[in-house]
Amino acid sequence: MSLTTASWLILACPLAGTLIISLLFRVISGRVAGIIGTLAIGAAFVFAVIAFMKLQDRPENARAVSDSLWTYAKTAGVDVQMGIYIDPLSIFMALVVSGVSTLIHLYSTAYMASDKGEVRYFAYLNFFVFSMLLLVMAGNFFLLIVGWAFVGAASYMLISFWYRRTTATKAGIKAFVINVLGDVGLVLGTYFIFRHTHTLDFAQTFASASKIFSPNETDLVIGCLFLLVGAFAKSAQVPFHTWLPDAMEGPTPVSSLIHAATMVTAGVYLIARMHPLFQIATTAADVGAVVGLATLLIAGTIGLVMTDIKRVIAYSTMSQIGYMIMAVSSAAYVGGLFHLMTHAFFKALLFMAAGSVIGAMGGEQSIEKMRGLRKAMPFTFATFVVGGLALSAMIPFAGYFSKDDLLFEIGQRGGWYWILYAGGYIGAFLTALYTWRLIFRVFWGDPCPEAVELEGGHLHHPEAHTNPANGEVEDTDIGFPGPEHVIAERSIAMKVAMGTLAVLATIAGVVQLPYNITDGLSNFLDPVFADSPVQFGGHTDLETFGLILSLVIAAAGILTAHRIWVVKPGTSARLQERFSGLHGFLVNKWYFDEAIEFLIVRPFAWCGRFGQQTFERIVVNGVFVGGATGVTRASSSAVRAAQNGFLRYYAALLLFGVTIVIFYFLLQS
Amino acid sequence: MIAAVARLHGPHIDWAGISPLVALLGAATIVLILGLFRGRFVRETLIPLLAIAGFGTAIGLGAWRWHHPAVLVSNAMTIDAFSIAISGICAAAGVIGVLLAWRSLAAREAGQGEFYALLLTSVAGMVVLVSAINMVTLFIGLELLSIPLYVLCATEMGREKSLESGLKYLIIGSVGSATLLYGLALLYGATGSTDYAGIARGLGAKGLASDVMALTGIALVVGGLGFKASIAPFQQWTPDVYEGAPTPVTAFMAVATKAAAFGVLLRFFDVALIDAQQNWGPLLAVLAAITIVVGNVGAIGQSSLKRMLAWSSVAQAGYLLVGVVVSTRAGVSAIVFYLCAYLVMNMAAFAVIVARERKSGRGDDISSIEGIGASDPLLAWPLTVAMLSLSGIPMTVGFIGKINLISASVNGDYTWLGIMIVVGSLISLAYYLRVVAAVWMRPSPEGGMPALGHGEDVVPPGLPVLAGGDPSADPRPAGWEVTAVAVVCGVATIFFGIVPGPLYDIAQAAGRSFVGLF
Amino acid sequence: MDVKWYLTVSALVFAIGVGGVLTRRNPLVVLLCLELMLNAANLAFIGFSRMWANGDGQIMAIVVMVVAACEVTVGLGIVVAMHRRRLPVDVDELRELQG
Amino acid sequence: MTIHLSIILWLPLAAGVLGLLVPGRFSRWIVLAGSVAVLAYAVLLLGDYDRARPGLQYVTDELWVKQLGIHYKLGIDGLNLVLLAVTALVFTGAFAWAARQEWERPRLFWFWFAFMETGVLGAFMAQDLILFVAFFDLMLVPVYFLTGQWGGEGRAAAIMKLFIYTLAGSLLMLAAAVATGVLVSQETGQHINFAFSALARTPLGASSQEWIFLCFAAAFLVKMPAFPFHGWMPDGYRTMPMPVLVAFSAILSKVAAYGFLRVVLPLFPDASVHFQELMLLLALSSVLYGSAMAFTVTNARLILGYSSIAQLGFIVLGIFALQKTGAQGSILQAANHALVVAPLFLVVALLAARAGSEDIREMGGLAMRAPILAALFLILSLASLAIPGSANFVGEFYILLGVFQSKVAIAIFAFTGVVMASVYMLRVYIRAMHNRAGPNTESREISLADGLVLVPMVLVVLAMALYPQFALERSNVTVSLAIHRAQVVAGTAPNRIAAITAPLGVSQPEIVPAPGATP
Amino acid sequence: MATILFFIAAVGAIGGAVGVVLMRNPFYSVLALVTHLVSLALLFLLLQAQFVAAAQVVVYAGAVMVLYVFVVAYVGGGEEPTTSTGGSSLRTIAIVFATVLFIELAIAILGTGLHAIDTRGPTVSGEFGAPRRIGELLLTRYLLAFELSSFLLLIAAVGAVLLARRRRGMDDDPATVSVHDVFHMQIPAGLGSQSETVGARQGDRELDESDAEVEETVAPGAHRGEGS
């Protein structure tokens, strides 16, 4: 099996899964669909591994392969091939995506087992994985955009999976529209680049970029900025992030897969993929870095005050992706991608654990209601803690190494990058704080009634299923993890998935340990980024400093959290009171939603209403239609009024006409 | 003195050339005489057949003389393709008029012999009018055309409107004639000749084309002939007369008078007055534009179909006038073509109106045709086709006709008139479509079929008095011949819309008759 | 006298005829006024005929006379018919047809 | 293989006439069979067409009206090939859909419907200006009768408005078309000839071109419709019988877009360049206004109607970019939009049947027991909002690239329309299929008969999404020629044009740039 | 002398015309018209149109006016109301129009560049305008007009007859029968006089087929007139 065959098969498996599940939806049960879906993704992972090995077999300078199945659209100087581009970066992404996806599929087979839409769910989920793989393996801008949009569509379908929830459909459309905005950015960016390169093919673009573009050439910078818009929208960076918290309306595995581990990191991938361009358009790259920093801080602060368990994790995701964006924009590619990988593991894990908790709470998501679940669900607790430690970058968990590597590389750039470096550490503190706030509030303290019930061996069932977002009574016709919902403690499949991820979250750091103890990852990715003008080296002092600082900050964060939420439980309330303004600001998520509503949504809606109610009536129907008919009618009645039946008037008009005509001729002579 | 008289020789008379006219007048005479017989067969079958035969003979003789243009009776008339074409249209309108009138009240009231004799004479007048190349002949032709029509309009004497229309037509018509006459007098005064050729020579002489007397004469001629052609602002008689006249007469008048009026307009302006073209061209252009607008807006919202068609005929006059304005051969052929088109499409419409008028008891009100799409497709289709053709929808002869006119207008540097034509067509949709909508999209009015054949009791109580819903309207249902006219004209409308070649041959030959034009 | 004087008289008669057509309501009188207009034209024709010294104008005048007689005859016929139908002999009352 | 275009053209009408003669219950099958035959023929054409050859193929050329130089000239090239096939497909779909219903006076209904297909096919195939105008007007006539007799409430007024409004433009176009022929013949001194090939040989003077251009633009913009000439659209769409609306919205509007490429750009290149900004701005306004309206109105038909305004705005944008990319995109997009909007209207009909209303406020939750319907609807919605991966996106990508290449700012604004499309399409999808069930809704799966009509159309949409090159490669050569003269005037003509045509040894008159065309 | 005659005739013609318009009683209007016609005939004579002048007096002032008088008597043209439903504004309009028209025609006549108009016309022989000369023209150059005029008279007569004819169920005024009959008799009389006037002076040598046709066709018209 050649490299390209394997690569195409990576794409083919989830697509086949999607098609089979959706075409047979009437025949197969949800369970079968889950198995088919999981196997399909698993197969994709296997092929990814094969491709990985095939790639490694090749000489280092031949590790970028393009392959095309058919000509997709070729005319007028634009050549779009149905082609993929295989290099270490895409294989790396394919591995992460298919790997994590397999686990989440596995988890879902149990988590969604009692849902009436399980078949549909797996069809969507497989479609998502296909799209994501298409995104990472696309061989040209066009297919990249296709994958980009497909993941958006899959995300939309899964967010509004429980489509009778109005909150879910609203969140879905919001996510979709912002993603389309990202698509547009991507397309425009492509245009700006295409204007000079005259090719959409990645290989050709990258090969010729440095020849065609001078550093910071305007068009390239604009193009890259537009690309960044795409990246920001997909990766929920400020100010295009507002969809991500709302996207938590989807089933928890979806949040885990799409809105934590894979799709939202596409922006990171994009910047990494486009690094030959960004390194010429450094201004654009700097903008990306700054936005990454801003996002990681803003999201971190909001994460501190959120009370919905999934939203806290969602903000954390935003924040972590902020790190990655910041990193890849600062040319710290390996660090960024390393963090991408570890983040995929631990964030997926956290969401899975959160799903388990939500299951235990009977669908309740507010941490205000949760307390003392530690004893009731020890496995979940354990995995949650592992995930939390990894997230707050505690040694020796994977997050520690990846975040450290990331910040270290940024720090090496020097200059104003120190600001980013410093900001990263501030963010690290916030991360530890909100992560452990969550853990302490959920698992510590006196058990809440649900926990007690669970300890008694019985799963809590709410009397009526309500929408956690607005308290509306659910329309359970279409499913939800209903009365038979499953928590991690009870399902082997979930335990396997979570356990695997917990292990990975713990040990994944080994691929790239500090001081080049291991450098598997950077070695593997090196062919991709070898031509990068930014090269890192040495500076072991800085590395040491970072490792220690990181540890200190993580510890400080955890301890602070412990103090506030465990040792002195009233502290939080007191702080809220004292900084009520700030708290309000944060609870309202920095008023981003309101600003967008005010600046964009309302004007458009107003325009639409104005169009419909006023313009349409007055101009389109009034002036154009009504005006024309009015003039015609008026002249008609005038003419008919003149036709009054009086013979003598007729004669008069006739003679009047004659006199006028004579008059005209007299003037002529 | 006797010797002097003896020296006098009658002019050479080209009997072959004048034969169509003789046929018409002869037929008129025969029909008139036969009208004295009281036999039902003679009155109701033979006379109409003879009238048709008269028209047919005239057409046939015209066709026979098609390739033999000649000047007749010492410069009084000319027979050429143009005059034959227009005369043919008039005669064809006459045939249709006879068919529509065959069993109508008007013919019975007037007396069959008289009625058809008047019709024949009127057509003879038209033939004279369009063949005239001398203002004396012109004037006599005009009157020979008009006076029978005045009478014909008034023939449904039981109906007040008929008389009213007759008198209105007569008085306004006479005013028009007088105006024309005075104009002719001035032209005669300016040029010293009554021949078109003489007038043209006179105007061609230095400076005379812009002499006030000549120009005033032209102005008065514009008024007088414009009146006959229903050109705004001389159009006001048209709706009233069309509505009031018996429908078969209206049908005849609408087509034949128009054809004759444009025949004479073309001949007089493009032959006699051609040297003053730059003077009257712009004026006629403005009048054409006004006519198009006035005719079309006037037709909007009319509930009487005849009245609507009358206004529409005003609008058509506007379109046709464009062909006069440009004074090119293309313009002449466009007019001839359009008149042919106008013949078939208008006659299809009128035939349907006649049929429905006699059947529905609602006169020519638009409600009389409501729902006939379902009940009477043989009438509905021709009417629909006629309306679409009048509004210039493709695959109908009206479309080709409009193209010709527009093409002529562009060719003659009057592109804006071409635009006016389409603007007019656009407005016209508003009323043509109303008819189509009534035919297809309305149910037949309830109880809309009053008992037939009861004379005065035709209109059932409770039926609103509608336009034309006259209690003394013709009570007898139309015979097959009316439907046949409708169908034949409808088919011809489509046929010539797809195969316009034959009409073109006629129109272009007619255009070539004008040797002075390009 | 110069021809133009005759013509001026003719123009004046024509204008008077026009005025009559526009003011009078009795169709009989309207017909008379029409006669005036035709006669004015006749005078013009004969004047011009004299001026150009050719007989065409006079022929025209004769034809006009015939025509005038015919118009009058038919007009009177209609008036009589209206009278028989007991319709008012007044052009202003003829308003069935309008619009 | 010889393919006679006349057969394609008249087959539907012949079937319609035959349908008039047989008992009413058979009419539908005859007409349907006719359109299937046309479809088969069109598929044959797609396969047989020589995509490398520029210029017309399968030409039928008879002098129709000798005296006016009007030709009965039909021909196929890259501009109309795909549209022709799409027309055949959509009409077959619409016929099939209509055949499931009982119509009053069925023979007439089917006659007119078949007539409509002939009209549209004629407009697409006509290679003579007057013939084109004739068919352009003619295809409206059946719409008038169909709506007037079988339409919904308020149809009489609505169809009158529609007919007059759209014919307003068409009649102006008629005048302009005639003027074109006459002026060209004056210029050349030759006998008047309305064949496109003859007209294209001699360019008109710039000032004549300008008013003629405006007349043509009026006709096409109204027919599309484009903002602000869409006054007829809301009422017309509301009242049209659904199958007619399907054909109308999907196909008739495309004739207008096609007209720009077929008639306006080649014949009036100077004016096209002169009015480029105006047209682009109008198109941009259409995009923005149509989109804004589409997410404000609540009638599902109107949402699609306004979305069509926006989509056609894109098509015009592409054409008047005067770039090959844009023009190619426009052709593709015209086909795509037809393919997508036709089944969408059918879906709306299904939704209305389930919710008892076409108002999306009355709908909701319909996906519940209708997963297939929901899936089809979702696919169509996504295609309609031009999600990347759909052929619609390819079209938009090319269109916007073309605009981008000629006017960057307009391209950037136009992207707003792309975003808004996602809002209004998803809005209608969600309001219909998702959310809480509406008060009178009844969720049920589509019937087999519905599916037999809908699914093939959706499959074609999917196929196009997978292989848009199928359409692009067929129009590739012709489009270059269509826009070439305008590009020469604008000074943006690529030199490659010679390279395209020279090796083939073709001396098509359309190709030869006019000597005086270069500024 | 000619000047004086001209003024007398002109005043008579204009006065007669004014009388036609102003007389309230149609009967007087007819009489005024007769005055006008006679004056006009005088003007014709002054212009050396002897035949036309004669025809004017005989046909117009004689025959046609008699017809008028009969109809006025029959219809009973009473005094006409001064105010009309049409409003008196039309009166003003009429005067304005008439004036404007007169001015325009005067401009046309007086402003022309034709110099001949300022003369009495060229000297012509006494033959000019004599019946012989006119007859010659009518039978040669204007033969067609002449024949058509005769047909026109015929058809006008027919038309008038059928219009004025009494009909079953429509005519409910027996008192009018006699006048009516007279009226009918009158038409062929008028017709006859016209054709005789014209024809008598030509002599019967020149009669050709067309004339025969006229003679022939007169008969049925007259016949119908009597018969009804």
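Chains as they are written, first to last, in numbering that gives the first Met the number 0: chain A, 0 to 668; chain B, 0 to 517; chain C, 0 to 98; chain D, 0 to 518; chain E, 0 to 227. Ideal Cβ placement from N, Cα and C applies to all residues, glycine included. As the structure is a computational prediction, the values presented were derived from the model and not from experiment.
Hey, how far is the Cα of Leu387 of chain B from the Cα of Tyr430 of chain B?
11 Å
Give me the DSSP bridge partner(s) of Lys72 of chain D.
D:Asp60
Against chain A, with Cβ distances strictly below 8 Å, would Phe96 of chain E count as a contact?
yes
Drop a sphere of 10 angstroms on the beta-carbon of Met52 of chain A, count the other beta-carbons inside from all chains shown, and report buried for 16 or more, exposed for fewer.
exposed
Is the number of C-beta pairs between the segment 109-121 of chain D and the segment 81-94 of chain D that are closer than 8 Å three or more?
yes
Check whether the Cβ atoms of Val459 of chain D and Ile378 of chain D lie closer than 8 Å to each other.
no
Where the alpha helix (DSSP H) through Leu451 of chain D begins and ends:
447-465
Tell me which residues share the same chain as Asp13 of chain B and place their Cβ nearer than 6 Å to its Cβ, disregarding the 5 neighbours each side in the sequence.
Ala69, Leu71
How would you list, in chain order, the residues of chain A whose beta-carbon sits under 7 Å from the beta-carbon of His229 of chain D?
Val619
Specify the secondary structure class of Val79 of chain A as computed by DSSP and reduced to three states.
strand
What does DSSP give as the partner residue(s) for Ser65 of chain A in the beta ladder?
A:Tyr84
Lys374 of chain A by DSSP, collapsed to three states: which one?
coil
Which residues in the same chain as Ala199 of chain B place their Cβ atom closer than 7 Å to its Cβ, once the five residues preceding and following it in sequence are excluded?
Val270, Ala271, Ile273, Asp274
I'd like to know if Ala68 of chain C contacts chain B, where contact means its C-beta is closer than 8 Å to some C-beta of that chain.
no
Evaluate the contact criterion for the segment 32-52 of chain C versus the segment 9-25 of chain B: three or more CB pairs, one atom per stretch, below 8 Å.
no
Determine the chain A residues that contact Trp236 of chain B at a beta-carbon separation under 7 Å, and present them in chain order.
Tyr649
Measure the alpha-carbon distance for Val237 of chain A versus Ser318 of chain A and round it to whole angstroms.
10 Å
Shortest alpha-carbon distance to Ser82 of chain B belongs to which of B:Asn74, B:Ala92, B:Gly61?
B:Gly61
Beta carbon of Asp363 of chain B nearer than 8 Å to that of Glu356 of chain B
yes
Could you please give me the residues that DSSP links to Lys257 of chain B through a beta bridge?
None; Lys257 of chain B has no bridge partner.
Distance between Val221 of chain D and Arg361 of chain B (C-alpha atoms, nearest Å)
39 Å
DSSP on Lys588 of chain A, reduced to helix/strand/coil?
helix
Which residues, in order along the segment 95-121 of chain E, keep a beta-carbon less than 7 Å from a beta-carbon of chain A?
Phe96, Val99, Leu100, Glu103, Ile106
Using 10 angstroms around the beta-carbon of Asn469 of chain A, count the other beta-carbons present and answer buried if the total reaches 16, otherwise exposed.
exposed
Taking a cut of 7 Å between CB atoms, which residues from the segment 68-88 of chain D lie near chain A?
none
Leaving aside the five residues before and after Thr492 of chain B along the sequence, list all residues of the same chain whose C-beta is less than 7 Å from its C-beta, in chain order.
Val343, Met344, Ala347, Val384, Ala385, Ser388, Thr395, Val396
Cβ atoms of Ile45 of chain C and Phe43 of chain E: under 8 Å apart, would you say?
yes
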